[in-house]
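*Asks:*
Numbering (our numbering), first residue to last: 21 to 528.
1) Buried or exposed for residue 472, going by 16 or more other Cβ atoms inside 10 Å?
2) How many angstroms separate the CA atom of residue 21 from the CA atom of residue 412?
3) Go ahead and pull the three-state DSSP assignment for residue 385.
4) Taking the alpha helix (DSSP H) that residue 372 belongs to, which residues open and close that run?
5) On the three-pair Cβ rule with 8 angstroms, is the stretch 459–466 touching the stretch 520–527?
6) Using 10 angstroms around the beta-carbon of residue 225, count the other beta-carbons present and answer buried if the total reaches 16, otherwise exposed.
7) Exposed or buried, which one is residue 452 when buried takes at least 16 other CB atoms within 10 Å?
8) Which residue wins for smallest C-alpha separation from residue 204, given the options 216, 162, 296?
9) Does the distance from the CB of residue 158 to the CB of residue 206 come in under 9 angstroms?
10) Pick helix, strand or coil for residue 515, following the three-state DSSP scheme.
11) Tell me where the beta strand (DSSP E) around residue 324 begins and ends.
12) Compare the beta carbon distance of residue 258 and residue 295 with 9 angstroms and say whether it is the shorter of the two.
13) Is the beta carbon of residue 311 less than 9 angstroms from the beta carbon of residue 37?
14) Using a Cβ distance threshold of 8 angstroms, determine whether the stretch 422–437 contacts the stretch 372–383, with at least three qualifying pairs required.
15) How many angstroms separate the CA atom of residue 254 from the CA atom of residue 467?
16) By how many angstroms is the C-alpha of residue 439 removed from the C-alpha of residue 445?
17) Do you know offhand how far residue 187's Cα is from residue 130's?
18) Taking 9 angstroms as the cut-off, decide whether the C-beta atoms of residue 325 and residue 365 are in contact.
19) Could you pull the start and end residues of the alpha helix (DSSP H) that residue 281 belongs to?
20) Can the beta-carbon of residue 169 be found less than 9 angstroms from the beta-carbon of residue 213?
21) In whole angstroms, give me the CA-to-CA distance for residue 273 and residue 221.
22) Kindly list the residues whose CB is nearer than 7 angstroms to the CB of residue 94, restricted to its own chain and excluding five residues on each side of it in sequence; keep chain order.
23) Secondary structure at residue 95, three-state DSSP: helix, strand or coil?
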């Protein structure tokens, strides 16, 4: 598989696209005015302890307070099983909806009011970005990520990233980890350490120990609610966490960013330096690879399939609903075969869209109904195989009796739609607006109410031109009937500045 990274840097925004076999599969966006928080370390103050849910709100100087679970508070007798998944994994992943493991850790953590108190000062790290209406998730289990290691200053634990599955390699790396074990704290060996030697990892550890010493020093003189350590910017973070032997080339369209990445690579990952290429072309790099077009498609609700079918993707607060439709596809002998072929095609597009849009949480897919068990089994096999390309952790439940596939996908950051789109002021997130006729009849009811409640000789209606045109045309008889019913003249006036559903009734 051919994999390349495209780095598009502007003074106001950085965007990175992961290209697999000439197709944009993932997009990362970081706006300078809204830099990500994950990995940042703050000096915070406990606002309120909530024993009922084993959690607390912590003020870190932001508009929304951070959320700290009891299981995310480092203690002297820390249970290794309670280490959060995002730290234990050793990779740039994040907690999504609460997993059974995290719930178990929280239930078995000591009572939170025995660990912290209201008003207490804490050094905390952001472990999950704010998503929608939720504030950032915090942890006192600090983890400093290097190229090959994650240093855990408060945990006495040597671990290996779960994605490293080869038993022999795990044993080798564990032996190196134990030989490197620092006097204070523990280590997680990251996935990218596979095949690396002790010397490289020791250099990484020395850098992380110097970084931690600097953080401790600054924390003593920092004010409450201030940032003590800021995570790397997007392109350095992606290079550190996602560039492995599978990535063949990294194209950067900014000379300054290219030099910065080159310098970073030479110091921490020399094998990556030869993969960096400066792109000086006049045509935007995202246009050359079709990324801009892919992003535009990813913002739409309806996604066409090559066969003529399509899928509909609706993102809500509770879950992601995906509906598969055969549309105009009639290229099979019967309904069963048509549904099966459309479903198979939809599987690959669904996985592609989940990655590109970065949709996480609970996902429900309504595939086209099939009767044959063999087809259902084959569909689930193809889905599970397609999901192996996805770095984010997923869990798939078998087809339900209603023909639905339920799955969860770990949230790693805000979805593409939430970053690039705002709620429509017309529909307020509903997805549709009142029809002109509905607004017109609603206006009629208000005219009757106003005309009967207050003494006046006539009434003036001011509304959007579309509503006024309707009242002068199709609904003209309705206006005449209102005048006769109230015994009062009704005059109409249009105002282009009004929203279609906004109007005023003025008594004269």
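From the three backbone atoms N, C-alpha and C, an ideal C-beta is built for every residue, glycine too.
*Replies:* Let me spell this out:
1) exposed
2) 19 angstroms
3) The DSSP-derived three-state label of residue 385 is strand.
4) 355–377
5) Taking one beta carbon from each stretch, the stretch 459–466 and the stretch 520–527 have 3 or more pairs nearer than 8 angstroms; the two touch.
6) Counting C-beta atoms within 10 angstroms of its own C-beta, residue 225 has 16 or more neighbours from the protein chains shown and is therefore classed as buried.
7) Exposed is the call here.
8) 162
9) Using a Cβ distance threshold of 9 angstroms, residue 158 and residue 206 do not count as a contacting pair.
10) Secondary structure at residue 515: coil, using DSSP grouped into helix, strand and coil.
11) 322–324
12) no
13) yes
14) yes
15) 57 angstroms
16) 17 angstroms
17) 34 angstroms
18) yes
19) Its alpha helix (DSSP H) spans residues 275–288.
20) Going by C-beta atoms, residue 169 is nearer than 9 angstroms to residue 213.
21) 31 angstroms
22) 160, 161, 174, 175
23) coil
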